[in-house]
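Number of protein chains: 2
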Amino acid sequence: MSDRERPDDPAPYYRAHVFCCVNERPEGHPRGCCKAKGAEKLRNYLKARAKELGLDDTRINQSGCLDRCELGPTMVIYPEGIWYSYATIEDAEEILQRHLLRGERVERLMLQPEDRLPEDRAALRKSAQ
Amino acid sequence: MSDRERPDDPAPYYRAHVFCCVNERPEGHPRGCCKAKGAEKLRNYLKARAKELGLDDTRINQSGCLDRCELGPTMVIYPEGIWYSYATIEDAEEILQRHLLRGERVERLMLQPEDRLPEDRAALRKSAQ
Numbered sequence: 007m008s009d010r011e012r013p014d015d016p017a018p019y020y021r022a023h024v025f026c027c028v029n030e031r032p033e034g035h036p037r038g039c040c041k042a043k044g045a046e047k048l049r050n051y052l053k054a055r056a057k058e059l060g061l062d063d064t065r066i067n068q069s070g071c072l073d074r075c076e077l078g079p080t081m082v083i084y085p086e087g088i089w090y091s092y093a094t095i096e097d098a099e100e101i102l103q104r105h106l107l108r109g110e111r112v113e114r115l116m117l118q119p120e121d122r123l124p125e126d127r128a129a130l131r132k133s134a135q
Numbered sequence: 007m008s009d010r011e012r013p014d015d016p017a018p019y020y021r022a023h024v025f026c027c028v029n030e031r032p033e034g035h036p037r038g039c040c041k042a043k044g045a046e047k048l049r050n051y052l053k054a055r056a057k058e059l060g061l062d063d064t065r066i067n068q069s070g071c072l073d074r075c076e077l078g079p080t081m082v083i084y085p086e087g088i089w090y091s092y093a094t095i096e097d098a099e100e101i102l103q104r105h106l107l108r109g110e111r112v113e114r115l116m117l118q119p120e121d122r123l124p125e126d127r128a129a130l131r132k133s134a135q
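Chains as they are written, first to last, in my numbering: chain R, 7 to 135; chain S, 7 to 135.
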């Protein structure tokens with residue numbers, strides 16, 4: 007149980023809840039966007055494959071901007087809060103097979119603390135005070 | 007630490023990550039949708055208020071369909087996985103003040119296990135086997 011949870015919280019609806027950024031920015035925006043890098047196709051693939059594999063306790067959702075645009079397409083998997091940058095169908099399948107089916111981590115695709123953007127570092131410093 | 011987490015997982019990017027369903031269904035759809043019940047206005051309010059209050063370690067995102075259409079507008083807050091049905095600005099403000107700022111629960115708005123949809127119950131039974 008994380009320090010955010012409480013003993014009398016209801017049981018979760020989903021064992022794993024995946025949010026795939028599909029945010030779109032105007033063409034030429036300096037940060038780029040996940041949609042322009044094929045995020046929708048990847049999200050649709052994950053959704054279809056999760057259904058195909060009978061992962062009824064896992065939900066694949068699209069989300070708005072996860073603010074890791076330069077590293078996209080990105081996704082985050084809760085409740086464990088693991089972030090991935092994935093570029094291809096093969097990446098998506100590996101996350102599905104290893105993380106979602108077997109509870110492993112796909113280290114080569116994981117976003118790490120040193121991948122934080124400057125404004126995250128500022129927020130972290132603030133919350134640590 | 008929940009049983010989904012691992013000791014060597016990176017620190018989370020956000021202390022609280024809120025996903026507000028803003029899904030839209032065609033008019034007249036029997037399940038209804040969060041968007042038709044004012045979800046975008048509520049999500050925009052939460053986002054603006056979180057900024058105003060300096061909640062830098064909290065992110066308010068929009069998401070696709072969270073599949074609680076009949077109970078919407080709905081949101082889920084991770085990593086704790088608490089679901090809310092909220093209808094008004096006052097509801098949104100109470101969640102912000104009590105849950106996000108003080109780590110409490112807004113019991114009157116929380117979705118409970120008995121609010122599960124029939125297909126969730128089937129999935130739960132399956133995963134418990």
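C-beta atoms are modelled at their ideal positions from N, C-alpha and C, and glycine is treated no differently.
In this text the structure is predicted, and so the values were computed from the model without any measurement.
Report the residue from the options whose alpha carbon sits nearest the alpha carbon of residue i.
i: C75(S); options: V28(S), D15(S), A22(S) and R10(S); result: V28(S)
i: G60(S); options: R114(S), D15(S), L102(S) and P13(S); result: L102(S)
i: A98(S); options: R21(S), L52(S) and D73(S); result: L52(S)
i: D14(R); options: G87(S), L107(S), L106(S) and R108(S); result: G87(S)
i: I66(R); options: N67(S), R65(S) and L72(S); result: L72(S)
i: R55(R); options: E30(R), L107(R) and H35(R); result: L107(R)
Just to confirm the assignment, what range does the beta strand (DSSP E) spanning residue i have?
i: Y20(R); result: Looking at the DSSP string, Y20(R) is not in any beta strand (DSSP E), and its letter there is neither H nor E.
i: R65(R); result: T64 to S69
i: I88(S); result: I88 to S91
i: M81(R); result: T80 to Y84
State yes or no: is the C-beta of residue i within less than 8 angstroms of the C-beta of residue j?
i: L117(R); j: T80(R); result: yes
i: G78(S); j: C39(S); result: yes
i: Y90(S); j: L48(S); result: no
i: P85(S); j: R10(R); result: yes
Closer than 8 angstroms by beta-carbon distance: list the chain R residues that pair up with residue i, in chain order.
i: N67(S); result: F25, S69, G70, C71 and L72
Below 8 angstroms CB to CB, which residues in the same chain sit around residue i once its five sequence neighbours on both sides are set aside?
i: P119(S); result: none
i: D63(S); result: Y20, R21 and A22
Excluding the five sequence neighbours on either side, which residues of its own chain have a C-beta within less than 6 angstroms of the C-beta of residue i, listed in chain order?
i: V82(R); result: F25 and W89
Please go through the same chain and pick out, in chain order, the residues whose beta-carbon is closer than 7 angstroms to the beta-carbon of residue i, but skip the five residues on each side of it.
i: L115(S); result: Y90, S91, Y92, D97 and I101
i: G44(S); result: P79
Applying a beta-carbon distance threshold of less than 7 angstroms, which residues of chain R neighbour residue i?
i: I88(S); result: D15
In terms of residues, what are the limits of the alpha helix (DSSP H) holding residue i?
i: I95(R); result: I95 to E100
i: K43(S); result: K43(S) -> no alpha helix (DSSP H), and no H or E assigned at all.
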